[in-house]
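Residue numbers (my numbering), protein chains in the order written: chain A, 1 to 115; chain B, 1001 to 1115. Ideal Cβ positions, reconstructed from N, Cα and C, are used throughout, including at glycine. Quick caveat: nothing in here was measured; it's all calculated off a predicted structure. First up is the structure itself, then whatever we jot down about it.
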Amino acid sequence: AQKVTQAQTEISVVEKEDVTLDCVYETRDTTYYLFWYKQPPSGELVFLIRRNSFDEQNEISGRYSWNFQKSTSSFNFTITASQVVDSAVYFCALRGTGGYQKVTFGIGTKLQVIP
Amino acid sequence: DTGVSQNPRHKITKRGQNVTFRCDPISEHNRLYWYRQTLGQGPEFLTYFQNEAQLEKSRLLSDRFSAERPKGSFSTLEIQRTEQGDSAMYLCASSLALGGNTEAFFGQGTRLTVV
């Protein structure tokens, strides 16, 4: 069974603050993929990043960075110098390998960036 | 626009009626997925196609739900005898399998309201 836990349901920060969104996952697969998606008010899920389980290197993309720690089954997402346009719901997701393609999503973290 | 397209964007129907949604994936993407998202929750996997073959179905997909992808391109999701509990956002996604797993790109969804 797969499970993704996003313990923070809502976060509010003031513009230019840094914010970290937590994600903890459970899976029995030895190889798996982790994702982060952004869902703005328009509703479309926007892909942000995919991380393979065998690649624990952290990644930075502009103001976004991701910290993958297999030892704690966490895949946290940090936004540096947050902006109002970052306001959205962010989903962490997990997909195993093998014969199935089901992606399991967390409940999402609603981020509000206050000007 | 070469993204995933879903129609209609919104659908209001009376309980007991049948509804059909359409998804046009990104051109040449051979995998297509349907998800359901209720308010305040993450997307839940419904079903998945590789080309025209439906390879996986969730237990969430009751016998009132049927999905097709007849020519391996667009897909339809039909709900028969709709119930109020079917009210949700129905999301379609597509991906390209090239001997491995790739990220899925989502459409903007069809919001169904059953009254």
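Using 8 angstroms as the limit for Cβ to Cβ distance, is residue i near chain E?
i, result
"residue 1105 (chain B)", "This model lacks chain E altogether, as its protein chains are A and B."
Buried or exposed: residue i, going by 16 or more other Cβ atoms within 10 Å of its Cβ?
i, result
"residue 1077 (chain B)", "buried"
"residue 1115 (chain B)", "exposed"
"residue 55 (chain A)", "exposed"
"residue 1086 (chain B)", "buried"
"residue 1104 (chain B)", "buried"
"residue 82 (chain A)", "buried"
"residue 62 (chain A)", "exposed"
"residue 1042 (chain B)", "buried"
Is residue j closer than 8 angstroms to residue i when the C-beta atoms are compared?
i, j, result
"residue 1056 (chain B)", "residue 102 (chain A)", "yes"
"residue 39 (chain A)", "residue 91 (chain A)", "yes"
"residue 79 (chain A)", "residue 14 (chain A)", "no"
"residue 1079 (chain B)", "residue 1064 (chain B)", "yes"
"residue 946 (chain B)", "residue 1071 (chain B)", "The requested residue 946 (chain B) does not occur in the structure, where chain B is confined to residues 1001 to 1115."
"residue 76 (chain A)", "residue 21 (chain A)", "yes"
"residue 1091 (chain B)", "residue 45 (chain A)", "yes"
"residue 1058 (chain B)", "residue 1046 (chain B)", "yes"
"residue 1036 (chain B)", "residue 1060 (chain B)", "yes"
Taking residue i as the reference, give the member of the options with the closest Cα.
i, options, result
"residue 1050 (chain B)", "B:1003, B:1109, B:1093", "B:1093"
"residue 1028 (chain B)", "B:1021, B:1095, B:1043", "B:1095"
"residue 115 (chain A)", "A:84, A:89, A:109, A:36", "A:84"
"residue 52 (chain A)", "B:1102, B:1034, B:1108", "B:1102"
"residue 50 (chain A)", "A:43, A:60, A:12", "A:60"
"residue 67 (chain A)", "A:16, A:12, A:17, A:24", "A:24"
"residue 1067 (chain B)", "B:1003, B:1034, B:1097, B:1002", "B:1034"
Excluding five sequence neighbours on each side, which residues of the same chain lie with their C-beta closer than 6 angstroms to the C-beta of residue i?
i, result
"residue 1111 (chain B)", "1010, 1089"
"residue 1017 (chain B)", "1082"
"residue 65 (chain A)", "78"
"residue 1038 (chain B)", "1088"
To which residues of the same chain is residue i closer than 8 angstroms at the C-beta, ignoring the five residues directly before and after it?
i, result
"residue 1074 (chain B)", "1022, 1023, 1024, 1025"
"residue 1015 (chain B)", "1082, 1083, 1084, 1114, 1115"
"residue 108 (chain A)", "6, 9, 39, 89, 90, 91"
"residue 1013 (chain B)", "1019, 1082, 1112, 1113, 1114, 1115"
"residue 57 (chain A)", "68"
"residue 1097 (chain B)", "1030, 1031, 1050"
"residue 1002 (chain B)", "1026, 1027"
Could you pull out every residue in the same chain whose Cβ sits closer than 7 angstroms to the Cβ of residue i, ignoring the five residues on either side in sequence?
i, result
"residue 88 (chain A)", "38, 39, 40, 111"
"residue 1108 (chain B)", "1006, 1009"
"residue 176 (chain A)", "Residue 176 (chain A) lies beyond the range of chain A shown here (1 to 115); nothing can be said about it."
"residue 116 (chain A)", "Chain A is shown only over 1 to 115; residue 116 (chain A) falls outside these bounds and no answer can be derived."
"residue 16 (chain A)", "81, 82"
"residue 12 (chain A)", "112, 114"
**Prompt:** Given 8 angstroms as the limit, is there contact between the region 1007-1025 of chain B and the region 61-72 of chain A, that is, 3 or more CB pairs closer than that?
**Reply:** no
**Cβ contact (3+ pairs, closer than 8 angstroms) linking the region 85-99 of chain A and the region 26-39 of chain A** = yes
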